[in-house]
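Take a look at the structure set out below.
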Amino acid sequence: MMLKRKTNMKNKLKKASLVLVLCAGYSFMNSAEAQTTGWGEGAKLQDAEVVVEKDRKIELPRASRNYQKFAVAPPEQGDRNVRYRFSDYRLAEQDVDLQMRVLTIKQDELTKLYGNYLKAGIGNYGTLYLKGYFHNKRSNVASYGADVSHITSARGPVDGKNSAVTNSAINVNGETYMQGLTLGGKLGYGRDKYHFYGFSPKPTDDWVTPNQVFNRVNAEGYMHNHGAGMPLLFRAGLNVNYLNDRYDMRETNIAAKLNTEYGIDDVSAFKVDTDLSLVSHKDSASVSRTLFKVHPQYERQLNAIRLSIGANIAYTGDTVNDARKFNVYPTVRVGVEPIKDNLLIYAGIGGDLQRVTLYHLTQENPFLAPNVRVADQNKGLEVYGGMQANIANYLHLTGRVAYQNFRNMYFYNNSASDSSKFDLLYDDGVTNVFNIYGEATFNYSDELRIGLKADYNKYSTASLEQAFHRPELMASVFATYNFYDKILFNSELYYIGSSFGRIYRPDGTSVLRETDTIIDLNLKADYRFSNRFTTFLMVNNLFAQKYERFVNYPNKSINLIGGVSYSF
Numbered sequence: 000m001m002l003k004r005k006t007n008m009k010n011k012l013k014k015a016s017l018v019l020v021l022c023a024g025y026s027f028m029n030s031a032e033a034q035t036t037g038w039g040e041g042a043k044l045q046d047a048e049v050v051v052e053k054d055r056k057i058e059l060p061r062a063s064r065n066y067q068k069f070a071v072a073p074p075e076q077g078d079r080n081v082r083y084r085f086s087d088y089r090l091a092e093q094d095v096d097l098q099m100r101v102l103t104i105k106q107d108e109l110t111k112l113y114g115n116y117l118k119a120g121i122g123n124y125g126t127l128y129l130k131g132y133f134h135n136k137r138s139n140v141a142s143y144g145a146d147v148s149h150i151t152s153a154r155g156p157v158d159g160k161n162s163a164v165t166n167s168a169i170n171v172n173g174e175t176y177m178q179g180l181t182l183g184g185k186l187g188y189g190r191d192k193y194h195f196y197g198f199s200p201k202p203t204d205d206w207v208t209p210n211q212v213f214n215r216v217n218a219e220g221y222m223h224n225h226g227a228g229m230p231l232l233f234r235a236g237l238n239v240n241y242l243n244d245r246y247d248m249r250e251t252n253i254a255a256k257l258n259t260e261y262g263i264d265d266v267s268a269f270k271v272d273t274d275l276s277l278v279s280h281k282d283s284a285s286v287s288r289t290l291f292k293v294h295p296q297y298e299r300q301l302n303a304i305r306l307s308i309g310a311n312i313a314y315t316g317d318t319v320n321d322a323r324k325f326n327v328y329p330t331v332r333v334g335v336e337p338i339k340d341n342l343l344i345y346a347g348i349g350g351d352l353q354r355v356t357l358y359h360l361t362q363e364n365p366f367l368a369p370n371v372r373v374a375d376q377n378k379g380l381e382v383y384g385g386m387q388a389n390i391a392n393y394l395h396l397t398g399r400v401a402y403q404n405f406r407n408m409y410f411y412n413n414s415a416s417d418s419s420k421f422d423l424l425y426d427d428g429v430t431n432v433f434n435i436y437g438e439a440t441f442n443y444s445d446e447l448r449i450g451l452k453a454d455y456n457k458y459s460t461a462s463l464e465q466a467f468h469r470p471e472l473m474a475s476v477f478a479t480y481n482f483y484d485k486i487l488f489n490s491e492l493y494y495i496g497s498s499f500g501r502i503y504r505p506d507g508t509s510v511l512r513e514t515d516t517i518i519d520l521n522l523k524a525d526y527r528f529s530n531r532f533t534t535f536l537m538v539n540n541l542f543a544q545k546y547e548r549f550v551n552y553p554n555k556s557i558n559l560i561g562g563v564s565y566s567f
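Residues in the sequence shown are numbered consecutively from 0, following numbering that gives the first Met the number 0.
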C-alpha cells in the first residue's frame, strides 16, 4: 500500500513538472519583452573565473541536437588540494544566426546503449538537415569517432535563393589512454557558403548576389599526464587552422600550447602557461603575425583562502594602430570559500593579449569585406570580483562585475564602398568596458531544468561614435523537461539589445542606423518511439521577426524543421 502511494506521488510530481514547463512556454509567448536571462551549470564549485567569452563575440546558439555526443572519460587524475585554474575573461561573440542551443539536461538514456546515430530532417526555406555521429563503444583503452553535418537552406529571408546558406562539416577524433599518459588528436574540414544579400536598395530585378565560400581545415594533437602523487603535471598541444575563401584569401595559424603545474606541497603549487601562435595571411598583401605569451603563477591555499600571484608576459608582431609589442600584466587573485563547495567569493586584477584571426572572425560574421586588417586585442587592465554559490544542490548562482580597458578592440561596420560587406574598425585609443554578468540554474533531478543568464556591457569608445554592432545587453531564459524518458521538451527565449552601424550612400552621404532589438523564442520536442527511433520537431524564431543582427541583414522568419533519428 505504501509503495503504491509513493508511485502515485511520483507520477503526480512528474505531471506537475510538465504543467510547469508548458506554463513557462506560454508565459514566454505573452511576456517576451519582460524576459531577460539564460543558462548556467551546476555541480561542485571550482575556483575558476567565470568565462563570459566576449570578444569572439556574442555567442549565439547553434542548431539543436537530440543526442549528446558519446564520450569516453579518460582515466581519473589524482587529486591534490591545490588544483584550481583561473580562466581568462573574453568579450562575447557576435554570431549571426540565432538557432536553438543544445540544452544540457542529462540524457544518459539516449547514449548509454548506442555509440552512433543518424539524424535527418526537412523544413521550410527549402531546408535540409543531416547529422551523423559515430563512436566506438565504451573502452578504458581508447576513444575514437567521427561526426558529419550538412545543413542547407535553398532560400533565405531576402529574395529567395539570393540569400541561401549552406554549412557542411566532417570531423574525426581519437584518444588513447596509457599508464599515466593520454594522447589525442582531432582533424576536421568545413565548407560554408553564404550570399552577400545585404544590398539596399536592390540594383535590378534580375540581380544575382555575389556569394562567399569558406574552406576550413583544423588539425590538433595533444598529450597530458595524470595520476595521483605526480608532482609535475603537464598538458601540451599543437593546433593548425587553415582558411581560404572564394576571393583568394588564405590564412594559416600554427599554435602551440604548454601548461605545467608543479606541486610544491599539499597547499601550494607553481604553474606556467605558455602560448605561441604564428599566423601567415595573404590576400592583396602578405602579412606574418607572431604572438608569444608566458604566464608564471604561484598559488597557495590558506584554509578557506585561495591566493594566486603572477605575471602575464606577452609579445605581438602586429602593427595596426601602432600596437604595443611587448606587454607585462601583473595578475593577482584572491578567493574565499566561507562555505566549502557551496559559496566562493573572489576578486582580482589582470590583463591579457588575446589572439584574433580571420578563421574565427568569419565564423561570427561571414560578410567581411576583402583585405581587412586583423590585430590582436590587448586587454591592458581588468579589475573584477564575483561569486559562485550552490543552494541545496538545486539552485546554482554565478555573478561577476568587471571593469576593463582594451586597445585594438575590433568593431564591425558596413563598408563605405559596398554596404553589403563589413570592414573591421579599431578604436583609436583605449576602449573601456564595464561588465555585469549573472546566471542562475535550477535543477530538479534529471527531469526538470530552468535557468536564466544576463550579460551587460557598457562600452566607452575613444574615437568611434558608437560601439558598432556590439549590443549592450544579451539575455536568455530556458526550460527543459524530460517526461518519463519518452518526450523531451526544450524551450529558450533570447534577448539581444540593439546596436549601431553607419551606412554610406552612393551620393557620398551617410546615416547612422540602429539594428533591431531581438526577441527570439525557440521550441523543440523529441518523441522517443524506442531505443533506436526518435522523431523531433524544432521551431526557431517563433515570434516570426525578421530582425537584423547586422545592418541590412535580416534573419529568417519562423523556421520549422522536423525529422527522425536512428541510433545503432
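Ideal Cβ placement from N, Cα and C applies to all residues, glycine included.
Practice task
Write down the C-beta distance between Tyr-193 and Pro-369 rounded to the nearest angstrom, noting that I regard them as a contact closer than 8 Å.
Solution key: Walking along the sequence shown from the start, residue 193 turns up at place 194. Walking along the sequence shown from the start, residue 369 turns up at place 370. A Cβ-Cβ distance of about 14 Å is found for the pair Tyr-193 and Pro-369, leaving them out of contact under the 8 Å criterion.
Problem - Spatial neighbours of Ser-564 in its chain, beta-carbon cut-off 6 Å, leaving aside the 5 residues before and after - result: Mapped onto the sequence shown, residue 564 falls at position 565. Beyond the five residues adjoining it in sequence on each side, Ser-564 comes within less than 6 Å, by CB distance, of Asn-65, Tyr-116, Lys-118 and Thr-533 in the same chain, given in chain order.
Practice task
Measure from the alpha carbon of Met-408 to the alpha carbon of each residue in Lys-452, Leu-360, His-395 and Gly-384, then state which is nearest.
Solution key: Stepping through the sequence shown from its first residue, residue 408 is reached at position 409. For the residues Lys-452, Leu-360, His-395 and Gly-384, the minimum Cα distance to Met-408 belongs to Leu-360.
Practice task
Within its chain, find whatever has a CB closer than 6 Å to the CB of Tyr-297; leave out the 5 residues flanking it on each side and keep chain order.
Solution key: On the sequence shown, residue 297 is found 298 positions in, with the first residue counted as 1. Sequence-distant partners of Tyr-297 (beyond 5 residues in either direction) whose C-beta falls short of 6 Å from its own C-beta, in its chain, are Phe-269 and Ile-308.
Problem - Simplified DSSP state of Glu-298, which is helix, strand or coil - result: On the sequence shown, residue 298 is found 299 positions in, with the first residue counted as 1. DSSP places Glu-298 in strand when its eight states are reduced to three.
Practice task
Quick one: using the 10 Å Cβ neighbour count with 16 as the cut-off for buried, is Ser-138 buried or exposed?
Solution key: Within the sequence shown, the letter at position 139 stands for residue 138. The residue is exposed, with fewer than 16 neighbouring Cβ atoms inside 10 Å.
Practice task
Go ahead and pull the three-state DSSP assignment for Lys-160.
Solution key: Position 161 of the sequence shown, counted from the first residue, corresponds to residue 160. In this structure, Lys-160 counts as helix in the three-state DSSP scheme.
Practice task
Assuming Val-278 contacts Ser-267 (C-beta within less than 8 Å), just tell me the rounded distance between them.
Solution key: Against the sequence shown, residue 278 aligns to sequence position 279. Against the sequence shown, residue 267 aligns to sequence position 268. 37 Å between Cβ atoms; not a contact.
Exercise for the section: Measure the alpha-carbon distance for Lys-175 versus Ala-235 and round it to whole angstroms. Expected result: As a position in the sequence shown, residue 175 is number 176, starting the count at 1. As a position in the sequence shown, residue 235 is number 236, starting the count at 1. Checking the sequence shown, residue 175 turns out to be Thr, not Lys. Thr-175 and Ala-235: Cα-Cα distance of roughly 15 Å.
Practice task
Note down the Cα distance separating Glu-219 from Leu-367, rounded to an integer number of angstroms.
Solution key: Here residue 219 refers to the residue found at position 220 when the sequence shown is read from its first residue. Here residue 367 refers to the residue found at position 368 when the sequence shown is read from its first residue. C-alpha separation (whole angstroms): 26 Å.
Handout entry: Buried or exposed by the 16-neighbour rule on C-beta atoms within 10 Å, applied to Pro-329
Key = Sequence index remark: in the sequence shown, residue 329 carries index 330 (1-based). That one is exposed.
Problem - Burial state of Phe-421, where buried means 16 or more other Cβ atoms lie within 10 Å - result: As a working note, residue 421 is residue 422 in the sequence shown. Per the 10 Å Cβ criterion, buried.
Handout entry: Whole-angstrom distance between Ala-543 and Leu-522, CA atom to CA atom
Key = Position 523 of the sequence shown holds residue 522. Position 544 of the sequence shown holds residue 543. Per the coordinates, the alpha-carbon of Leu-522 lies some 13 Å from the alpha-carbon of Ala-543.
Exercise for the section: Locate the alpha helix (DSSP H) running through Tyr-358, then write down its first and last residues. Expected result: Counting from one through the sequence shown, the residue named residue 358 turns up at place 359. First-last of the alpha helix (DSSP H) with Tyr-358: 357-363.
Practice task
Measure the C-alpha to C-alpha separation of Val-157 and Arg-406 and round it to an integer number of angstroms.
Solution key: For the purposes of this step, residue 157 is taken as residue 158 along the sequence shown, with counting starting at 1. For the purposes of this step, residue 406 is taken as residue 407 along the sequence shown, with counting starting at 1. Spanning the alpha carbons of Val-157 and Arg-406 requires a straight line of approximately 37 Å.
Exercise for the section: Give the range of the beta strand (DSSP E) segment to which Phe-467 is assigned. Expected result: The residue given as residue 467 occupies position 468 in the sequence shown. Looking at the DSSP string, Phe-467 is not in any beta strand (DSSP E), and its letter there is neither H nor E.
Practice task
Within 10 angstroms of the Cβ of Gln-403, are there 16 or more other Cβ atoms? Answer buried if so, exposed if not.
Solution key: Within the sequence shown, the letter at position 404 stands for residue 403. By the 10 Å Cβ count, Gln-403 comes out buried.
Exercise for the section: Could you check the C-alpha separation between Gly-593 and Phe-567 for me, to the nearest Å? Expected result: Residue 593 lies beyond the stretch modelled for the chain, which goes from 0 to 567, so this question has no answer here.
Practice task
Please classify Ser-529: is it buried, with 16 or more other beta-carbons within 10 angstroms of its beta-carbon, or exposed?
Solution key: Against the sequence shown, residue 529 aligns to sequence position 530. Burial call: exposed.
Practice task
Determine the DSSP secondary structure at Val-429, reduced to helix, strand or coil.
Solution key: Position 430 of the sequence shown, counted from the start, is the residue given in the question as residue 429. Three-state DSSP puts Val-429 in a strand.
Handout entry: Closest residue to Asp-375 among Ser-419, Gly-561, Ala-415 and Asn-320 (Cα-Cα distance)
Key = In the sequence shown, residue 375 corresponds to position 376, counting from 1. Nearest option by C-alpha distance: Asn-320.
Practice task
May I have the straight-line CA-CA distance separating Ile-435 from Phe-195, to the nearest angstrom?
Solution key: By 1-based counting over the sequence shown, the position of residue 435 is 436. By 1-based counting over the sequence shown, the position of residue 195 is 196. Take the alpha-carbon of Ile-435 and the one of Phe-195: they are about 35 Å apart.
Problem - C-alpha distance - Asn-210 paired with Ile-502, whole-angstrom precision - result: Indexing the sequence shown from 1 puts residue 210 at position 211. Indexing the sequence shown from 1 puts residue 502 at position 503. For Asn-210 and Ile-502, the distance between alpha carbons rounds to 21 Å.
Practice task
Specify whether the region 491-509 and the region 466-483 touch according to this definition: at least 3 beta carbon pairs, one from each stretch, less than 8 Å apart.
Solution key: Between the region 491-509 and the region 466-483, the count of Cβ pairs shorter than 8 Å is three or higher; the stretches touch.
Practice task
May I have the straight-line CA-CA distance separating Asn-412 from Ser-167, to the nearest angstrom?
Solution key: To locate residue 412, count along the sequence shown from 1; it is residue 413. To locate residue 167, count along the sequence shown from 1; it is residue 168. Their Cα atoms are separated by approximately 27 Å.
Practice task
Taking the CB atoms as reference points, tell me whether Val-333 and Ala-346 lie closer together than 8 Å.
Solution key: For the purposes of this step, residue 333 is taken as the residue at position 334 of the sequence shown. For the purposes of this step, residue 346 is taken as the residue at position 347 of the sequence shown. Yes, they are a contact pair.
Exercise for the section: Might you give, ordered along the chain, the residues of its own chain that have their beta carbon closer than 7 Å to the beta carbon of Val-550, omitting 5 neighbours on each side? Expected result: To locate residue 550, count along the sequence shown from 1; it is residue 551. Asn-413, Gly-500, Ile-502, Arg-512 and Thr-514, listed in sequence order.
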